[in-house]
Structure formats: structure tokens, C-alpha cells
Amino acid sequence: MKSDFTTEAQTAIVIGGSMAGLLATRVLADFYQRVILVDRDTLAPSRECRRGVPQGRHTHGLLAGGREALEKLFPGISGQLIAAGAIPGDLTGESRWFLEGGYHRRFSSGLIGLLMSRPFLEAMVRERVRQLPNVHFLDNQEIRGLLMSPDNSRVVGVQLGRETLSADLVVDASGRGSHTPRWLEETGYRKPVEERVEIALAYTTRCFRRRSEDLGGDVAIIIPSTPGGKRGGVMLAQEADRWTVTLTSHFGGGAPPADLNGFIEFSRTLPAPDIYEGIRAAEPLGEAAVLRFPASVRRRYENLTRFPLGYLVLGDAMSSFNPAYGQGMTVAALEALELQSTLAQGKEDLARPFFRRAAKVVDIPWSIAAGNDLRMPEATGRRTVAVKFLNAYIARLHRAAHHDPAVALAFHKVGNLLAPPPAVLAPRVAWRVLWGNLRKRRARPGLTQALNAHASQ
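Everything in the sequence shown is counted per my numbering, starting at -7 for the first residue and increasing by one.
Right, here's the structure in full:
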């Protein structure tokens, strides 16, 4: 039987109501008479965590690049989020970055991120999308498969239990567990080649009461794991006077405990003491959330030579990264802007130009996340000469950034997806990296003497 939602042409269907699906729906609403967003969960206006988004209970923040992209899709949303409780913060002036044995130089960069929980952001975006007059939410429903045209060249809708939904375009934004590779094979198409970087990430998150005087007013601490230590953590300010703290481990680093005392003790073992000092006497809020992330995955849809018309894939269904880098929501927003640009050029054969555009978006965070994870000797993935060179260079860049704000800024622009990775290799930056490391080498004997004198006191 057919659903009531199949009555008129120019219909688009979005599979998945998380951030990628909501952003795709926002874009499609400008080009289609009707957009239907389908999700397995109840898409309520509340800010509670949803069953289908288990990572929603863990630490999130919106990178500067993501905030700018979101503002283009929803003008005024940054102010709306801040008014509702989101925490704005300068990514270098109000944050502590501990990398390669030291802290990045502190300075005001003008790169403003937004700190808030995932359910908080998602609820606000969902409400903005819900206000669009041609958007319809169909929740508590699950897509069972694709409907194909008689000649098998086009997706013409989806199977929804015993019902069908017809559409001119179907977009899969269902996340990491996307069924598209299987659906493609079932309809006679090839599934995309999949790249994987096995990282064996385990992470545990807890929330604590936040006071205005905590950490001297800083809003973020980032202590990435290292190849030697395998442990890291992040502590971010959140709405409702909270800190959210996520502790991570890779390959033999020992999963961060869920119990409070074990969690705090684990934070003591990180390469820098800031998170431990921030939570050891803080008031805990709620229970711990535990999750594992086995691998970063990238599905190479842009390399397929044959793909059905009327069908697209974006968000985590295309590529999902190590969540420690906080790139997923920003990538989804940037992909939505590329979808907007592709649709503006016409609605026929969208897949080829969109996948090319989306691949360029993904290239940047993939090179950051997957490339950096391959520093772990236990990680499995393709280590090209370029990856090995870049990792060695970035280590030196971080050491130079301990005292050079220009080097730190170059790194953070790339990390926030505001500049391509080659920007950190620009001659001006590379020279400062070289000089910064030479200066550190010259200073090392004096530093060693000072440390020895301190130890003898």
C-alpha cells in the first residue's frame, strides 16, 4: 500500500534525522516541493539523547568552520544557540592545547567555536527545519530498501514496511550503519571501495558541575593521545553550567573506567594534568557513558563509474572519523553546502558532481584524522610516503606552536576546516616551523640545567 506522502511530484526523501539528515533536508527544501525526513526514532522537540545517536551522550563541539557553514544554512542560529546557553570560545585564546609535550601558545585568534551538547544543537537545528512549510517528519519508521525504476537506472522511492514512498530524489544520511552498500549490490550495482583505519578507540564520558572560576575562565582542554601513551582526553564547557569530559584510549591503553574514582584516576595518567586538576574535586552529574569506535571508515562513492540516478549519500554514511577530532558535524554542514551548490546547477545526474565535491570536503578531515591515527604503530591503514612525511612535519609544527602563534594559527585553521592541509606547508609557515625547532634545540641544554637544579632543591 502507498503512503499519503506520495501525492505530488518533486518529492525528496531523506533517510536519517541526525545532523547530516537535518542539514540535507534544509537544503532540499529550497529545491523540492516536498521533503520527507524519515527516522527510526521519535523526533521530539526535547533536548534528550536519542537511541539512534549513542554518541550524543559524549563530548561535542562545533568547529569554527562548522559554525560558519551552519550560519549560512540557518542565518542567526549562532546567536540563537548562544542565547539558549551554548558557550562561544576563542579556539586558541580560551582553550588549552597540549601537543608534543607542551601547550600551544595562547593568543586571541578570532576563530570562534561553539561548545554545547549534541542533543542541544540537534534540537535547535531540528526546530528550525521543522518550521519549513514543505518539510514533513516521518518518525518511528525504518526504510527497508530502495524502489527502482523498471530499467533499474533510477531510484524512485523507498520501501517503508508494507508501504512505499515515491520520490524524485532519495538521500541516505543514515550514518555509519548505512545500508547503501548492500542495497546497491542487491540492485545490481557495485558497492564503493571502503578505506579503513583501525584505531581500537575506547572512550568514556562524564559530566561535572561547572563554576565560572573553574580553569581560570578557560572553556576547553584538549590533550590528544600519543603513540607512546595511548591515552588522551578532552574537557569542554557546556550549556546548563556543566563540563563534559571524555577520556580516550587506543590499543592497549586500557579502557577509561566508568566508575567515578577510576575515571578521575585515569585522568591523572594523561600527558598533562589539566583535566585531572579540573575534575578531581568537581561535583559529578549523572552516570558515565561508554562507547567503542573500532575504525575510521571512508566509502569512495566518487570513484564509482555507475550509480543510480535519483540517489545520494552524505554524512557518516559516506565517511566517519575518529570522534576525538570533533569533525563529524562540521563535515556534514560543509557537505550540505556542496549539495546546495550541486542542486543549483540542475537536478539530473546529481551523484557524479556531488560525490566529487563531497570528496574534496572529506579529503581535509580524513587527512587530519586518519593520517594522525596512523602515527600509532598498531593502527592498520595505508601509510604512504606523504602520510609519513606529514606526520613527522606536524609533530615539529606542534613543537614550534608552543611559542609561535602564527604556526599555531595555521594548524587551527586547517583543523577547523577553514583551510586545506597544504596551508601548513606554505613556505612562510614551514620556515617558522624549522626555525622554531632549531631554537628549541639550542635552548635544550639550558632547560636541562634548570630542571636538574630544580630537582636537586
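Idealized CB from N, CA, C, for every residue including glycine.
Since the structure is predicted, the reported quantities are computational estimates derived from the model, not experimental observations.
Would you call the CB atoms of residue i and residue j closer than 7 Å?
{"i": "G373", "j": "L366", "result": "yes"}
{"i": "G102", "j": "A309", "result": "no"}
{"i": "A61", "j": "L326", "result": "yes"}
{"i": "L389", "j": "G57", "result": "no"}
{"i": "P184", "j": "R88", "result": "no"}
{"i": "S217", "j": "T240", "result": "yes"}
{"i": "A229", "j": "I79", "result": "yes"}
{"i": "G94", "j": "H404", "result": "no"}
{"i": "L296", "j": "F346", "result": "no"}
{"i": "H242", "j": "L193", "result": "yes"}
{"i": "R18", "j": "V162", "result": "no"}
Which same chain residues end up closer than 6 Å to residue i when comparing Cβ atoms and leaving out the 5 residues on each side of it in sequence?
{"i": "R188", "result": "A287, V289"}
{"i": "A76", "result": "none"}
{"i": "A280", "result": "T196, R198, A250"}
{"i": "L335", "result": "F23"}
Please report how far the alpha carbon of residue i lies from the alpha carbon of residue j, in whole angstroms.
{"i": "I104", "j": "R146", "result": "43 Å"}
{"i": "T238", "j": "A4", "result": "37 Å"}
{"i": "I256", "j": "G53", "result": "22 Å"}
{"i": "G180", "j": "A165", "result": "21 Å"}
{"i": "G81", "j": "P265", "result": "21 Å"}
{"i": "K64", "j": "S170", "result": "27 Å"}
{"i": "A274", "j": "P397", "result": "32 Å"}
{"i": "G320", "j": "A387", "result": "24 Å"}
{"i": "P412", "j": "S359", "result": "10 Å"}
{"i": "Q337", "j": "R348", "result": "14 Å"}
{"i": "I7", "j": "I356", "result": "25 Å"}
{"i": "I135", "j": "N314", "result": "27 Å"}
{"i": "A392", "j": "L331", "result": "38 Å"}
{"i": "P263", "j": "E231", "result": "27 Å"}
{"i": "E205", "j": "F299", "result": "55 Å"}
{"i": "V226", "j": "S109", "result": "14 Å"}
{"i": "A415", "j": "V406", "result": "7 Å"}
{"i": "G245", "j": "E370", "result": "12 Å"}
{"i": "R32", "j": "G137", "result": "14 Å"}
{"i": "A343", "j": "A328", "result": "14 Å"}
{"i": "P125", "j": "D210", "result": "41 Å"}
{"i": "D160", "j": "L55", "result": "33 Å"}
{"i": "G9", "j": "G221", "result": "37 Å"}
{"i": "A115", "j": "A350", "result": "25 Å"}
Does residue i come out as helix, strand or coil in the three-state DSSP assignment?
{"i": "G8", "result": "coil"}
{"i": "F129", "result": "strand"}
{"i": "R431", "result": "helix"}
{"i": "L342", "result": "coil"}
{"i": "Q230", "result": "strand"}
{"i": "T322", "result": "helix"}
{"i": "K(-6)", "result": "Reliability fails at K(-6), whose pLDDT of 41 lies under 50, so the model's placement of it is uncertain and the value that follows must be treated cautiously. The answer is strand: DSSP assigns K(-6) an E or B state."}
{"i": "G53", "result": "strand"}
{"i": "V30", "result": "strand"}
{"i": "A418", "result": "coil"}
{"i": "R367", "result": "coil"}
Go through its chain and collect everything with a Cβ distance to residue i's Cβ below 8 Å, but skip five positions before and after it.
{"i": "H460", "result": "Missing from the structure shown is residue 460; the chain here goes from -7 to 449 and no further."}
{"i": "N144", "result": "T179, G180, P300"}
Using C-beta distances below 7 Å, list every residue in its chain close to residue i, excluding the 5 sequence neighbours before and after it, in chain order.
{"i": "L277", "result": "C199, F200, R201, R234"}
{"i": "N429", "result": "R388, R391, A392"}
Fully enclosed by the region 245 to 307, which alpha helix (DSSP H) runs are 4 residues long or longer? 252 to 260, 266 to 271
Which residue spans inside the region 129 to 194 form an unbroken alpha helix (DSSP H) run of at least 4? 172 to 178
For the region 79 to 105, which segments carrying the beta strand (DSSP E) assignment without a break, of at least 3 residues, lie completely within its bounds, in sequence order? 79 to 82, 87 to 91
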